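One structure is given below, encoded as structure tokens.
There are 2 protein chains.
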Amino acid sequence: MKVQIIGAGLLGTSIGMALAARGIQVGFSDLSVRSLKLAEGLINRDLPTTEDSNEPADLLIAAVPTAQVPSVIIDAFRRNLAFNFTDVASVKTKCVAEIEAFDAALATIYCGGHPMAGREVSGPESAQSDLFEGRPWILTPTHATSAETLSLVSGVLKVVGATEIRMSPSDHDRAVALVSHAPQVLASLMAGELALNSSQGVPLAGQGLRDVTRIAASDSRLWSGILSANANALNPILASMHGRLGDLISALNEPAEMRSIADFLDQGVAGRELLPGKHGARRQYVVLPVLIDDTPGQLKRLFNDAGDAQINIEDVSMEHSPGHPTGLVQISVAPDAAPDLERYLRERGWRIYPPRNPANLA
Amino acid sequence: MKVQIIGAGLLGTSIGMALAARGIQVGFSDLSVRSLKLAEGLINRDLPTTEDSNEPADLLIAAVPTAQVPSVIIDAFRRNLAFNFTDVASVKTKCVAEIEAFDAALATIYCGGHPMAGREVSGPESAQSDLFEGRPWILTPTHATSAETLSLVSGVLKVVGATEIRMSPSDHDRAVALVSHAPQVLASLMAGELALNSSQGVPLAGQGLRDVTRIAASDSRLWSGILSANANALNPILASMHGRLGDLISALNEPAEMRSIADFLDQGVAGRELLPGKHGARRQYVVLPVLIDDTPGQLKRLFNDAGDAQINIEDVSMEHSPGHPTGLVQISVAPDAAPDLERYLRERGWRIYPPRNPANLA
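Those protein sequences? They're chains A and G, same order as listed.
Start counting the first sequence at 1; every next residue gets the next number (our numbering).
Start counting the second sequence at 1; every next residue gets the next number (our numbering).
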């Protein structure tokens with residue numbers, strides 16, 4: 001098995017490292033000599049690369065930005081560099097259509113892919129062989145894709161530890177428009193408003209604002225390309241939200257429209273309840289807020305005590321108040337375990353707030 | 001010192017408990033006999049309440065919903081129940097104006113307030129005497145407010161451990177519109193869109209979507225009242241975001257408008273950087289992502305090791321992949337401490353991803 005990876009960035013290099021670690025023969029190419037050398041240095045150099053053998057690879061992975069995927073794959077197909085092809089772009093419809101339109105033979109040996117792994121760091125220096133472990137990796141085979149190609153690509157996902165999900169290219173693009181691209185737009189919309197009103201109370205920001213805007217810190221050049229490539233799937237969602245925001249503004253201008261305002265908020269409550277919890281299941285956790293001093297060792301002592309209670313902690317987050325040397329650690333546990341953990345921690349002197357679900361601070 | 005609290009809900013009861021714990025005489029009133037009895041049971045009954053003494057209280061706190069604050073305070077003033085007045089409503093301009101318009105004498109002995117403490121639980125059963133510790137509590141004195149009244153109210157904030165912040169009522173309302181009410185609207189807008197497209201890929205939801213929509217789970221009746229009461233300050237912000245969202249939709253429809261899309265995202269990056277970190281300061285932390293097994297005791301072992309490294313952990317959050325029995329714990333530390341902690345944890349066998357700032361998963 002030989003895999004040729006075009007693009008020695010974060011994703012390409014991470015895939016190469018994961019495959020090489022399992023003894024699979026990996027070759028890289030990249031326009032940047034520095035990236036290429038670094039990626040090659042990160043994999044086991046004792047293994048011969050495909051460059052050395054000059055024979056077509058079993059699989060070529062185009063780990064380049066969305067807009068470049070079709071030309072990279074078509075060029076590699078023409079040069080007979082591989083028997084099968086895939087890519088890692090986060091928008092699929094255009095890409096798949098261009099590749100399939102080019103040549104019916106290429107269409108049978110190509111299967112689109114999208115690993116949903118971290119992207120806010122970039123370059124081979126950030127690569128890690130376990131980047132995909134437990135992460136969803138969507139494959140978008142079409143009717144043209146051969147069973148052999150799909151099986152080969154699927155096998156690579158297994159090797160790197162990813163969780164395979166199959167969807168059509170258009171279902172994929174609509175899904176990521178809703179769960180990834182639209183949230184990015186709203187986070188940027190809110191954070192951008194802070195930039196436009198920076199004198200207006202930003203120091204009062206609490207956890208709610210921080211959560212809503214966290215992903216607004218992402219790379220804007222990368223995201224311009226993603227939003228633009230997925231405009232067809234994204235725009236109906238943004239148009240719907242634009243209309244609903246307009247309706248809310250009208251309702252807020254009309255004191256009699258309390259019902260519309262509540263309906264808008266209730267729709268949000270209903271949508272929030274649809275989100276899968278851990279492991280894809282819809283589970284509700286009880287949140288125990290514990291007050292700790294802002295000194296080293298406090299978390300150690302807290303998790304020591306929680307660990308001794310033999311209760312599985314499902315989630316942890318920390319919250320701070322401006323100007324105060326204490327922090328609030330919020331521990332999420334299964335509802336039936338919460339009373340035991342609360343009693344256990346209280347007995348050990350921890351100050352615990354009333355259990356609650358994660359929500360807003362008014 | 002005697003304090004009379006109207007409204008034995010979460011905030012009123014918590015204030016009463018905190019004051020009673022410091023030996024201050026506290027009386028409650030509430031239309032619900034059950035809430036009243038529970039609140040009275042939660043404070044030290046050995047202390048005489050103001051009901052017992054029948055003399056005016058030094059301070060009356062109206063801990064009732066925003067819309068009821070003016071009538072409650074005016075009624076109490078007419079009945080001579082107290083020498084000074086404050087409230088805890090999360091919108092101030094209307095409230096303060098109505099009270100000051102009623103009587104110039106009342107205006108001198110009233111100072112508006114807004115404790116920014118948890119609200120997603122309610123009722124006296126959720127009250128806790130340390131609810132306000134280290135939390136911002138905004139006071140909105142006007143030119144009419146006497147120095148004595150301001151000093152008295154300010155003293156109560158100190159007693160309950162809150163961090164006092166002074167603002168004009170209109171500055172307060174504009175500030176919370178930006179940092180609290182607008183984020184609530186955007187979270188509901190995004191989560192509501194999930195409800196409208198529930199078949200469309202919601203199971204693929206990652207941490208980004210979860211963060212953006214977390215506060216959409218908040219109580220919609222409470223929030224209808226808040227948004228409606230603060231419509232004057234909130235609507236210009238919502239109108240600005242409505243316009244910017246419309247511009248982005250237009251840009252996405254025009255392939256040549258890549259620059260506009262990047263500008264929109266850059267504005268978000270700039271706004272996100274304005275958010276204060278821990279303790280109100282703008283500090284950047286390095287995030288070490290650590291992969292753990294989903295078994296009890298893993299967090300204990302991790303924080304044990306981190307504690308032994310004598311490095312202060314600034315923030316912790318957890319992230320899970322659907323269908324995989326591992327979790328990613330993200331530990332935030334000061335940039336200069338990160339390499340030491342990373343090396344220390346790696347030596348102890350922890351699997352650490354490349355350090356990164358919290359951002360989106362593409």
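Backbone N, C-alpha and C define an ideal beta-carbon position, used for all residues, glycine too.
Treat the numbers as computed from the prediction; the structure is a model and nothing was measured.
My understanding is that T213 of chain G touches L275 of chain A, with C-beta atoms under 8 Å, so please give their C-beta distance in whole angstroms.
7 Å
Please list the partners that S32 of chain A has in chain G, where partner means a Cβ-to-Cβ separation under 8 Å.
The contacting residues do not exist; S32 of chain A stays about 19 Å from chain G at best.
Quick check on G307 of chain A: does DSSP put it in helix, strand or coil?
helix
At a CB-CB cut-off below 9 Å, which residues of chain A make contact with S228 of chain G?
A251, L252, P255, E257, M258, I261
L186 of chain A versus G:L196, G:Y110, G:L265, residue with shortest Cα-Cα distance:
G:L265
Return the bridge partner residues of K2 of chain G from the DSSP annotation.
G:Q25
Using 10 angstroms around the beta-carbon of L152 of chain A, count the other beta-carbons present and answer buried if the total reaches 16, otherwise exposed.
buried
What three-state label does DSSP hand D420 of chain A in the structure shown?
The requested residue 420 of chain A is not part of the displayed model; chain A covers only 1 to 362.
Using the beta-carbon of each residue, which ones in chain G are nearer than 8 Å to L245 of chain A?
V185, L189, L238, M241, H242, L245
What is the rounded straight-line gap between the Cα of W350 of chain A and the Cα of K300 of chain G?
16 Å
When DSSP builds the beta bridges, which residues end up paired with I165 of chain A?
A:I138
8 Å Cβ cutoff, W223 of chain A in contact with chain G:
yes
What number of angstroms, rounded off, separates the C-alpha of A117 of chain G from the C-alpha of P136 of chain G?
8 Å
Count the other CB atoms, across all protein chains shown, that sit within 10 Å of the CB of R346 of chain G; report buried if there are 16 or more and exposed otherwise.
exposed
Apart from the five residues on each side of it in sequence, which residues of its chain come closer than 6 Å, Cβ to Cβ, to R348 of chain G?
D305
When we look at the beta-carbon of P115 of chain G and count the other beta-carbons within 10 Å, is it buried (16 or more) or exposed?
buried
Where the beta strand (DSSP E) containing V290 of chain A begins and where it ends
286-293
Compare the C-beta of L196 of chain A with all C-beta atoms of chain G and state if any pair is closer than 8 Å.
yes
What are the uninterrupted segments assigned as alpha helix (DSSP H) that are 4 or more residues long and contained completely in the region 34-108 of chain A, given in chain order?
50-53, 69-78, 93-102, 104-108
D336 of chain G, DSSP secondary structure in three states
coil
In terms of residues, what are the limits of the alpha helix (DSSP H) holding H242 of chain A?
231-253
Could you check if A107 of chain A is buried or exposed, using at least 16 other CB atoms within 10 Å of its CB as the buried criterion?
buried
Which one of A:E133, A:P65, A:I74 has the shortest CA to CA distance from V91 of chain A?
A:P65
Residue environment, S218 of chain A, which counts as buried when at least 16 other CB atoms sit within 10 Å
buried
Leaving out five residues on either side along the sequence, give the residues of the same chain with a beta carbon under 6 Å from the beta carbon of A229 of chain A.
T66, V91
Taking 8 Å as the cut-off, does the region 243-263 of chain A touch the region 225-243 of chain G (at least 3 CB pairs, one atom from each stretch)?
yes
Measuring alpha carbon to alpha carbon, tell me which of G:A57, G:G23, G:A191, G:N197 ends up nearest R79 of chain G.
G:A57
What's the gap between the Cα of I24 of chain A and the Cα of F102 of chain A?
30 Å
Beta bridge counterpart(s) of D315 of chain A as assigned by DSSP:
A:S332
Short CB-CB distance (under 8 Å) between P141 of chain A and chain G
no
What in chain A is Cβ-close to A334 of chain G, meaning under 8 Å?
Correct list: empty, because the minimum Cβ distance to chain A is about 11 Å.
Where the beta strand (DSSP E) through G112 of chain A begins and ends:
112-115
Just tell me which of A:I138, A:A127, A:H143 has its CA closest to the CA of E100 of chain A.
A:H143
Express the C-alpha separation of L11 of chain A and E120 of chain A in angstroms, rounding to a whole number.
Since pLDDT at E120 of chain A reaches only 48, below the 50 mark, its modelled position is unreliable, and the value read off the structure follows with that caveat. The alpha-carbon atoms of E120 of chain A and L11 of chain A are separated by roughly 11 Å.
Can you check whether the C-beta of N366 of chain A is within less than 8 Å of a C-beta belonging to chain G?
As displayed, chain A neither begins before 1 nor continues past 362, which places residue 366 of chain A out of reach and without an answer.
Out of G:I237, G:I352, G:A251, which one is the CA nearest neighbour of L245 of chain A?
G:I237
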